[in-house]
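K.L.:
Residue numbers (the working numbering), protein chains in the order written: chain X, 36 to 277; chain U, 36 to 277. C-beta atoms are modelled at their ideal positions from N, C-alpha and C, and glycine is treated no differently. One structure follows; several queries about it will come next.
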DNA sequence: TTTGTTCGGTGCGCTAACGCACATAGCGCG
DNA sequence: CGCGCTATGTGCGTTAGCGCACCGAACAAA
């Protein structure tokens, strides 16, 4: 599939934030790839060969325990990059990365990434700031898991997901959402019914449509705003300089 | 209080892992400081003036919500450093840092840290690997909050804390532990009673003594080992080189 | 020794979420 | 058009953890 202008590298915010010169160096090695739903980009402890800059796909970082229970730790969409462990020096992580919402992205061989990262310039500072934002998301997930209801967490998850795609409709089963949030499928059914009754969303067999985004924002716990504001603070275009 | 050899900078694993030359440069600016129980080292969104390398103290990174509920996100002891946001480029985080177990540590003005960090050498790679380990801890906290019982979480918390201090006895009220784990004090009372009945720990008014560490390790959920192994993998002395 | 304060233990009733079982309904495919 | 698969809705009983109230016990300071 060709790169069209509706799926240019610049749809990824990190790539878009790079100065032209640096982007040009990376672009030689960037490869447009399909990221179909369910694809496992990185198993627990496995070494990535590429880092991925999603343009329309969303990747879920999650952890599956010995007994099969699982939970999402954070998500990566067009605001970020999958593979922070590469430049953080650990190469791998104990978590899994699977495509949660199919789409496209750009991948970059880790050598090309590290060559640029090791210049210790704009790219390095940008990626480190992104990583800090990712840490905020993980921290807030921990807090939200502890204290908030399934319904609130569903609102948070929906809003964070919507922020990463242009559409108002997601192709996503309740089962899948449940496994993301680490709760029962029935719990999602009930929470989603509530939101539907309130007129905030509409549900139909594998598709969820947001009807009233402001209403969702009124229901969501504070965790959503904390994460969103921190992403804005750390990754607004301006401060690529230190 | 003077620096004695029972509280040298090398008690902090990160400082100890530095080559002599780099350590010498930093040592000019290192300051031995008391870190008393309860001290707030960094409020939410506040800018640190120093980074802290605990030698005997333990710092808790936690988050307090609008309604007062709170949860610990991660802990920082002699294996790490408080203030990753400085070198990650964000300067602040939404979380709080308070001293959870009083003791001592070394602080370093952020300018001295950044001068060395910006050499993009051993210190930078070490701090980034530590930050990745911290991310693992945060991720595992999120998972553990979701799926494991208070008793298992108490085991995890005890073991992680013990790994950071040489003693088998901690000075710590149940109230404090409860606020760390983000649960009720009564929940800790009950979990601790169970562990005491099993002969694994002994409790007395503000002091908790571990009697049978192996027994605790048999009770704990997998989260503990995941975190511990990841710290070992990322921060064993050898690979300061990239 | 006394007294006051903080810490820990215990017993309610309540609720959110779980595990399970099963009914219904959309939707693709032949 | 009908079949069958898969997604969703629903109704149990069960349980972990919560919120509250209160007691007793340990410790510190006078």
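So residue 135(X) is in the beta strand (DSSP E); what residue range does that whole segment cover?
P.N.:
131 to 136
K.L.:
Can you confirm whether residue 104(U), when its beta carbon is compared against all beta carbons of chain X, has any partner nearer than 8 Å?
P.N.:
yes
K.L.:
Per the DSSP calculation, residue 120(U) is bridged to which residue(s)?
P.N.:
None; residue 120(U) has no bridge partner.
K.L.:
Which residues of the stretch 101 to 131 of chain X have a Cβ closer than 7 Å to any Cβ of chain U? Give them in chain order.
P.N.:
101, 104, 106, 108, 120, 123, 124, 125, 128, 129 and 130
K.L.:
With residue 129(X) and residue 66(U) assumed to form a contact (beta carbons below 8 Å), what rounded beta-carbon distance in angstroms separates them?
P.N.:
The pair is not a contact, with the Cβ atoms about 36 Å apart (cut-off 8 Å).
K.L.:
In chain order, what residues of the same chain have a beta carbon less than 6 Å from the beta carbon of residue 39(U), not counting five sequence neighbours either side?
P.N.:
A caution first: residue 39(U) carries a pLDDT of 45, below 50, which makes its placement in the model too unreliable to give a value.
K.L.:
Does the beta carbon of residue 84(U) come closer than 8 Å to any beta carbon on chain X?
P.N.:
no
K.L.:
Per DSSP, residue 97(X) is paired with what?
P.N.:
When DSSP reads this structure, residue 97(X) sits in a beta bridge with 107(X) and 131(X).
K.L.:
Let me make sure I understand the geometry here. Which of 59(U), 167(U), 43(U) and 202(U) has the alpha-carbon closest to that of residue 120(X)?
P.N.:
Taking the Cα of residue 120(X) as reference, the smallest distance to any Cα among 59(U), 167(U), 43(U) and 202(U) is reached at 167(U).
K.L.:
Per DSSP, what kind of secondary structure is residue 48(X) in: helix, strand or coil?
P.N.:
Three-state result, residue 48(X): helix.
K.L.:
What does a CB cutoff of less than 8 Å around residue 255(U) pick up in its chain, not counting 5 residues either side in sequence?
P.N.:
187, 190, 191 and 194
K.L.:
Among 165(U), 251(U) and 68(U), whose alpha-carbon lies nearest the alpha-carbon of residue 111(U)?
P.N.:
It is 165(U) whose Cα lies nearest to the Cα of residue 111(U).
K.L.:
Around the Cβ of residue 206(X), are there at least 16 other Cβ atoms within 10 angstroms (buried) or fewer (exposed)?
P.N.:
exposed
K.L.:
Whose CA, out of 83(X), 199(X) and 74(X), lies closest to the CA of residue 113(X)?
P.N.:
Comparing C-alpha distances from residue 113(X) to each of 83(X), 199(X) and 74(X) shows the shortest one belongs to 199(X).
K.L.:
Would you kindly work out how many angstroms separate the C-alpha atoms of residue 155(X) and residue 116(X), rounded to a whole number?
P.N.:
18 Å
K.L.:
On the DSSP bridge assignment, give the partners of residue 87(U) in chain order.
P.N.:
117(U) and 142(U)
K.L.:
Keeping to the same chain, check which residues put their C-beta closer than 7 Å to that of residue 247(U); ignore five residues upstream and five downstream.
P.N.:
234 and 235
K.L.:
I need the straight-line Cα distance from residue 260(U) to residue 268(U), nearest angstrom please.
P.N.:
12 Å
K.L.:
I'd like the list of long-range same chain contacts for residue 81(U), defined as Cβ closer than 8 Å, with 5 residues on each side in sequence excluded.
P.N.:
Correct list, in chain order: 127.
K.L.:
Listing by chain order, which chain U residues have their CB less than 7 Å from the CB of residue 269(X)?
P.N.:
125
K.L.:
Nearest chain U C-beta to residue 283(X) closer than 8 Å, yes or no?
P.N.:
Residue 283(X) is absent from the structure shown; chain X starts at 36 and stops at 277.
K.L.:
Buried or exposed: where does residue 196(U) fall if 16 or more other Cβ atoms within 10 Å of its Cβ makes it buried?
P.N.:
buried
K.L.:
Just how far apart, CA to CA, sit residue 143(U) and residue 103(X)?
P.N.:
44 Å
K.L.:
DSSP three-state call for residue 67(X): helix, strand or coil?
P.N.:
Residue 67(X) falls in the strand class under three-state DSSP.
K.L.:
List the DSSP bridge partners of residue 238(U).
P.N.:
According to DSSP, residue 238(U) shares a beta bridge with 243(U).
K.L.:
Are the Cβ atoms of residue 89(X) and residue 137(X) separated by less than 8 Å?
P.N.:
no
K.L.:
Answer yes or no: do residue 72(X) and residue 99(X) have a C-beta to C-beta separation smaller than 8 Å?
P.N.:
no
K.L.:
Output, in chain order, the set of chain X residues within a Cβ distance shorter than 8 Å of residue 94(U).
P.N.:
By Cβ distance, chain X contributes nothing, its closest Cβ being about 15 Å from residue 94(U), past 8 Å.
K.L.:
Classify residue 208(X) as helix, strand or coil using the three-state DSSP reduction.
P.N.:
The answer is coil: DSSP assigns residue 208(X) none of H, G, I, E or B.
K.L.:
Taking 8 Å as the threshold (beta carbon to beta carbon), is residue 247(U) in contact with chain X?
P.N.:
no
K.L.:
Could you give the distance in angstroms between the alpha-carbon of residue 151(U) and the alpha-carbon of residue 58(U)?
P.N.:
Cα to Cα, the separation comes out at about 10 Å.
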